[in-house]
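Have a look at the structure below before the remarks.
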Amino acid sequence: MIIQTVAQSRLGEKDFNELPFGSVYADHMLVADYENNSWQAPKIVPFARMEMSPSLSALNYGQAIFEGMKAYVNDNGEAITFRMNENYERMNRSAIRMCMPEIPEHIFVDGLKALLQLDNKWIPRQENAALYIRPILFATDEAVGVKPSDNYRFCIMTCQIASYFKEPLKVLIEPEFIRSAQGGVGFAKAAGNYASAMYPTKLAQERGFHQIIWTDAAEHKYLEESGAMNLMLVINNVVITPSLSDSKLAGVTRMSLLHIARTWNMQVEERLVSIEELIAAHTNNTLQEVFGVGTAANIAAIKMFHYNGVDYELPAITENSFQIKGGGYLNQIKQGKTTDVFNWNTTIPVK
Ligand code: COI
Numbered sequence: 013m014i015i016q017t018v019a020q021s022r023l024g025e026k027d028f029n030e031l032p033f034g035s036v037y038a039d040h041m042l043v044a045d046y047e048n049n050s051w052q053a054p055k056i057v058p059f060a061r062m063e064m065s066p067s068l069s070a071l072n073y074g075q076a077i078f079e080g081m082k083a084y085v086n087d088n089g090e091a092i093t094f095r096m097n098e099n100y101e102r103m104n105r106s107a108i109r110m111c112m113p114e115i116p117e118h119i120f121v122d123g124l125k126a127l128l129q130l131d132n133k134w135i136p137r138q139e140n141a142a143l144y145i146r147p148i149l150f151a152t153d154e155a156v157g158v159k160p161s162d163n164y165r166f167c168i169m170t171c172q173i174a175s176y177f178k179e180p181l182k183v184l185i186e187p188e189f190i191r192s193a194q195g196g197v198g199f200a201k202a203a204g205n206y207a208s209a210m211y212p213t214k215l216a217q218e219r220g221f222h223q224i225i226w227t228d229a230a231e232h233k234y235l236e237e238s239g240a241m242n243l244m245l246v247i248n249n250v251v252i253t254p255s256l257s258d259s260k261l262a263g264v265t266r267m268s269l270l271h272i273a274r275t276w277n278m279q280v281e282e283r284l285v286s287i288e289e290l291i292a293a294h295t296n297n298t299l300q301e302v303f304g305v306g307t308a309a310n311i312a313a314i315k316m317f318h319y320n321g322v323d324y325e326l327p328a329i330t331e332n333s334f335q336i337k338g339g340g341y342l343n344q345i346k347q348g349k350t351t352d353v354f355n356w357n358t359t360i361p362v363k
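Numbers 13 to 363, taken from our numbering, label the letters of the sequence shown in order.
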């Protein structure tokens, strides 16, 4: 692989704790172009702006997808990433749905390993911090005719992050707008899914909520996900989460936490979860926990949900809460602080 390194590292120039999420980028990025019906050799180059035409297909018609992962270092200073293959496969499922070329494994996986090896020192060593990995794929034809682009660019950038959410969340169960519908692209990590969520989220934030819990497009009756994360509940010691469908993202944190719960012999249910059931469980005091799960969000405690004019406060989280025990264990694995019994991590040796 061609590797062009920076003349001078920018490491340490900014305190990422003080900055908005995802605004301190590491020195290098991986770039691979798709041209003439084939993938060209990937390169690692200094992180920099890219020149583009206003007619760029991705800008005009939104053929753009992405992924989100995190890297930590273990006690030997080696980079570790979590379930890299799940993100790789999901990126290609998104690519197929958005009529884009699939990315070969050697570009995504080997490219990411090489990038993390090169920028190992950018992986934060502090507690609650990580190097966030953002692979993107976008259409690069310079033509405003509506058709799938012939040319694409795949890029992996990384950035230092602290916590995504700073406090337990107040969420609005959305009764009007939708994130996605059956037959749509909700299961894909399409950039437009996030764009369309912004206006309803802004309205919710103006009312004092941090996030929206989306409901199904047909009836606004069932809980979907939160856009930046999947949703999990504990009712009567049963871990419950909305079942996957083509309108929800198959989160890697979601599937990992469910696996931990099953390994611990907890009852787990992946099924439709109605707002009515949620409120009934709150009313009869069987609702123990509601929380979000996602790569960036990690395990995001929810302290209150709002529906139809009523605020529903959630019980206080304790050290026995599943989000603390299960989420804590998951984080220990991800950060290389306990044995990786499920063989989820990839370790990238120091150069
Ligand atoms: C992630 O969790 O990695 C995501 O891509 C969510 C994004 C809204 C930050």
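Note that CB positions come from ideal geometry on N, CA and C, so glycine has one too. Note that the coordinates shown come from a computational prediction; the quantities given were computed from them, not determined experimentally.
- Taking 4 residues as the minimum length, the alpha helix (DSSP H) runs contained wholly in the segment 66 to 108 are 69 to 73, in order along the chain.
- Shortest gap from the CB of LYS201 to any heavy atom of the ligand COI: under 8 Å.
- Note that the segment 199 to 215 touches the segment 103 to 111; at least 3 beta-carbon pairs, one per stretch, sit closer than 8 Å.
- Between the beta-carbon of PHE33 and that of TYR176 there is about 6 Å, and that keeps the pair under the 8 Å contact cut.
- The closest CA to that of TYR324, considering only LEU290, SER333 and GLU186, is found on LEU290.
- Two segments are said to touch when three or more pairs of C-beta atoms, one from each, lie closer than 8 Å; by this definition the segment 36 to 55 touches the segment 158 to 168.
- If you check the C-beta of ALA141 against the ligand COI, you find no heavy atom less than 8 Å away.
- Residue range 203 to 218 is occupied by the alpha helix (DSSP H) that includes GLY204, with no beta strand (DSSP E) assigned at that position.
- Going down the chain, each residue whose beta-carbon is closer than 5 Å to a heavy atom of the ligand COI shows up: GLY80, ALA240, GLY306, THR307 and ALA308.
- At the C-beta level, ILE287 and LYS233 come within 9 Å of one another.
- Take the alpha-carbon of ARG274 and the one of TYR341: they are about 14 Å apart.
- Between GLY195 and THR213, the CB-CB gap reaches or exceeds 9 Å.
- One thing to note: MET112 has its Cβ no nearer than 9 Å to the Cβ of THR93.
- In chain order, PHE78 and CYS167 place their CB closer than 6 Å to the CB of ILE148, counting only its own chain and leaving out the 5 sequence neighbours on each side.
- In the structure shown, ARG137 adopts coil according to DSSP, grouped into three states.
- The bridge partners DSSP lists for VAL156 come to none.
- With contacts defined as CB atoms closer than 9 Å, HIS318 and LEU184 qualify as a contacting pair.
- Between THR253 and GLU63, the alpha-carbon positions lie close to 43 Å from each other.
- One thing to note: LEU269 has its Cβ within 9 Å of the Cβ of GLY339.
- Between TYR84 and ALA142, the C-beta spacing is below 9 Å.
- A check of alpha carbon separations from LYS133 across LYS346, ARG22 and GLN75 identifies ARG22 as the nearest.
- Among the bridge pairs identified by DSSP, LEU42 is matched with ILE56 and ILE168.
- For GLN300, DSSP records no beta bridge to any residue.
- Runs of the alpha helix (DSSP H) lying entirely within the segment 240 to 300 and spanning at least 4 residues, in chain order: 264 to 275 and 287 to 295.
- Here the alpha carbons of ILE311 and PHE303 stand approximately 7 Å from one another.
- Going by DSSP, LYS346 is part of the alpha helix (DSSP H) stretching over 334 to 346.
- Excluding sequence positions up to five before and after ALA193, its CB lies within less than 7 Å of the CB of ALA229 and SER259, all in the same chain and listed in chain order.
- In this structure, DSSP gives ILE329 a state outside helix and strand, which the three-state scheme calls coil.
- For ASP87, the number of other beta carbons within 10 angstroms of its own is below 16, and it is reported as exposed.
- Under DSSP, PHE150 shares a beta bridge with ALA76 and ARG165.
- In the DSSP assignment, LEU184 falls within the unbroken beta strand (DSSP E) covering 181 to 185.
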